[in-house]
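Numbering of the sequence shown is given in this note's numbering, commencing with residue 6 and proceeding in unit increments. Here a beta-carbon is modelled for each residue, glycine too, at the ideal position from N, C-alpha and C. All figures in this text were calculated on a predicted structure; none of them were measured in a lab. Before any comments, here is the structure.
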Amino acid sequence: RGLTWFLVTSVCQQQKLSRMSQFPTTGGIDAGRWCPDGSGSGTHVPSSEKIIDKIKRVAETGRPFVSFEYFPPRTDEGVTNLYDRIARMSVQEPLFVDFTWGAGGSTCELTLTLSTTVKARYGLDVNMHMTCTNQEVEKVDVGLAGAIAGGIRNICALRGDPPLGQEKWEASEGGFSCALDLVKHIRAKYGDFFGISVSGYPEGHPDKIKPVSDLGRPLTATELKRVMTKADGVQCVCSDEDYANEMKYLKEKVDAGGEVIITQLFYDVEVFDQFVQDCKAYDIHAPILPGIMIIQAYGGFKRMSGFCMTRVPDALAKRMEELKDDAEGVKAFGIEYGAELCRQLLDRGLCKGLHFYTLNLEKSTQAIMSKLGLLKGELAVGKAENENTFQGTLIDTVIKP
């Protein structure tokens, strides 16, 4: 765990963050120099930039940007393979990379280690996920102090998923009840030092996507655009009423300090298009980054789309069933479908960049970038491209197709 772990445990836990209160509530911390004693001088951290500032600067060039998301592997071999992949993918000069915070905070230590190591080793700006699950306020501040010490200036503030084995999300005693609380805390205690991104749900939050039969009425025209079908054939949707509340909540998160919106995965460009228009209608003007989940395998596609309650267009569902026993065919189709989805997003002017949920793999992401004319250099992959990166994760152990 090295230097990062030493900084977090020795400085933050031993001193109990007693001096963190010395940070000003506005203006924040010097981005290039910070000392754990709160003095604002002494320890130099790597130069970092907030995502919102990078987006504004890159947008002036007119060239779409990319960003890559990874999750903490559950095996030592997986961690080694991931570092190797990031080294190769860094050639693509992503605007940023981010690392997820495992369900129930299960991978928080590794998330911090990955984030600070990648920043130091490859010079990439990192957007570190942080969730409210199993997180008391003091533990959140420990993580944020570790981020500061490692040169991390961007935080993706999320509520998070329930811990393994727990169906319903519950707030921890002494913790936060929602992502909005976390955003407010970061802004109140650290001023504008951190760039904050928040989640957006074009189809509504999965917790609000319920059986159509529960509505007791016909679907509206807007609900018909969002309706999804589960594996058992049950149709579900986020009602217009719940969707309106979701949009109001998103505006609250942005007004509280969220600067960038990263969306849940989707496979229907019309859903994202409507979401962008709805954001404008609710006076939400933060940049919206579409979350692109590339189809890598039939089983993974079924698991993820089921877990996230994602709408799958009929044509896509039909083609996946035709290819389900052809692993290479699925992967090739996933690249074609992903490239066309991204092309439509860019051609319609719906986004300035693409956020790829890589699933800790590199070939398909780079192949799509190549088709879009965004790939720098030649497509490069390592020997472990067919690795089961889900091994030991929530998706692999709990969620079945």
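Boundaries (first-last residue) of the beta strand (DSSP E) holding residue i
{"i": "Gln-269", "result": "265-270"}
{"i": "Val-102", "result": "102-104"}
Beta-carbon spacing of residue i, residue j below 8 Å
{"i": "Cys-183", "j": "Arg-158", "result": "no"}
{"i": "Ala-372", "j": "Leu-364", "result": "no"}
{"i": "Val-96", "j": "Phe-73", "result": "no"}
{"i": "His-190", "j": "Phe-181", "result": "yes"}
{"i": "Ala-92", "j": "Tyr-127", "result": "yes"}
{"i": "Gln-269", "j": "Leu-366", "result": "no"}
{"i": "Ala-295", "j": "Leu-359", "result": "According to the sequence displayed, residue 295 carries Pro and not Ala. Result yes, Cβ atoms of Pro-295 and Leu-359 sit closer than 8 Å."}
{"i": "Met-252", "j": "Cys-241", "result": "no"}
{"i": "Gly-311", "j": "Lys-235", "result": "yes"}
{"i": "Met-135", "j": "Leu-87", "result": "no"}
{"i": "Lys-256", "j": "Asp-288", "result": "yes"}
{"i": "Val-335", "j": "Ile-60", "result": "no"}
{"i": "Gly-263", "j": "Ala-291", "result": "yes"}
{"i": "Met-314", "j": "Ile-214", "result": "yes"}
In DSSP terms, what residue i is bridged to
{"i": "Cys-161", "result": "His-134 and Ser-202"}
{"i": "Pro-216", "result": "Cys-241"}
{"i": "Met-298", "result": "Tyr-362"}
{"i": "Ser-72", "result": "His-360"}
{"i": "Met-293", "result": "Reading the sequence as shown, one finds Ile at residue 293 and not Met. In DSSP, Ile-293 forms a bridge with Ile-266."}
Residues near residue i in its chain [Cβ-Cβ closer than 8 Å; skip 5 each side]
{"i": "Thr-9", "result": "With a pLDDT of 33 at Thr-9, under the threshold of 50, the modelled position of this residue cannot be trusted; read the value that follows with caution. Closer than 8 Å at Cβ, skipping near neighbours: Leu-117, Thr-118, Thr-121, Thr-122, Gly-151, Ala-154 and Gly-155."}
{"i": "Pro-29", "result": "Bear in mind that the predicted position of Pro-29 carries a pLDDT of just 35, short of 50, making it unreliable; the figure below should be weighed with that in mind. Answer for Pro-29: Gly-196, listed in chain order."}
{"i": "Leu-224", "result": "Val-217, Val-232 and Val-242"}
{"i": "Leu-185", "result": "Tyr-254, Glu-257, Lys-258 and Ala-261"}
{"i": "Leu-328", "result": "Tyr-303, Gly-334, Val-335 and Phe-338"}
Closest by C-alpha distance to residue i, when choosing among the options
{"i": "Gln-279", "options": "Pro-211, Thr-66, Val-317 and Tyr-206", "result": "Tyr-206"}
{"i": "Ile-201", "options": "Gly-334, Phe-277 and Ala-261", "result": "Ala-261"}
{"i": "Val-274", "options": "Gly-263, Cys-347 and Leu-224", "result": "Cys-347"}
{"i": "Glu-54", "options": "Gln-140, Ala-344, Pro-216 and Val-131", "result": "Val-131"}
{"i": "Met-133", "options": "Glu-143, Pro-223 and Cys-113", "result": "Cys-113"}
{"i": "Trp-106", "options": "Asp-89, Leu-100, Cys-137 and Asp-81", "result": "Cys-137"}
{"i": "Lys-3", "options": "Ala-322, Arg-222 and Val-317", "result": "Here the chain covers residues 6 to 406 and nothing more, so residue 3 does not appear."}
{"i": "Ile-1", "options": "Glu-246, Lys-213, Ile-160 and Ile-299", "result": "Only positions 6 to 406 of the chain appear in the structure, and residue 1 is not among them; the question remains open."}
{"i": "Pro-77", "options": "Ile-267, Phe-361 and Leu-115", "result": "Leu-115"}
{"i": "Glu-98", "options": "Leu-129, Asp-283, Phe-306 and Gln-349", "result": "Leu-129"}
Where the alpha helix (DSSP H) through residue i begins and ends
{"i": "Val-281", "result": "274-286"}
{"i": "Glu-208", "result": "Run containing Glu-208: none; DSSP gives neither H nor E here."}
{"i": "Gly-304", "result": "303-312"}
{"i": "Ala-236", "result": "From DSSP, Ala-236 is part of no alpha helix (DSSP H); its letter is neither H nor E."}
{"i": "Gln-97", "result": "Here Gln-97 belongs to no alpha helix (DSSP H), and DSSP marks it neither H nor E."}
{"i": "Lys-368", "result": "368-376"}
{"i": "Asp-58", "result": "56-64"}
{"i": "Lys-230", "result": "226-231"}
{"i": "Asp-330", "result": "Counting along the chain, Asp-330 falls outside any alpha helix (DSSP H), and DSSP gives it neither H nor E."}
{"i": "Leu-379", "result": "Leu-379 -> no alpha helix (DSSP H), and no H or E assigned at all."}
{"i": "Thr-80", "result": "Note, Thr-80: premise wrong, no alpha helix (DSSP H); not H, not E."}
{"i": "Ser-120", "result": "113-127"}
Sequence-distant residues of the same chain with beta carbon closer than 6 Å to residue i, five excluded per side
{"i": "Leu-351", "result": "Pro-69"}
{"i": "Gly-83", "result": "none"}
{"i": "Val-386", "result": "Glu-367 and Lys-368"}
{"i": "Lys-376", "result": "Ala-344"}
{"i": "Val-239", "result": "Pro-216"}
{"i": "Ser-111", "result": "Unreliable positioning characterises Ser-111 in this predicted model, as indicated by a pLDDT of 49, which lies under 50. The coordinate reading is nonetheless provided below. Contacts found: none."}
{"i": "Arg-324", "result": "none"}
{"i": "Phe-277", "result": "Pro-207, Phe-271 and Pro-295"}
Own chain residues within Cβ distance below 7 Å of residue i, not counting five before or after
{"i": "Gly-354", "result": "none"}
{"i": "Gln-20", "result": "Residue placement at Gln-20 is flagged as unreliable, the pLDDT there being 37, under the threshold of 50; the coordinate-derived value follows with that caveat. Taken in chain order, the list of residues that qualify is empty."}
{"i": "Pro-211", "result": "Cys-313 and Met-314"}
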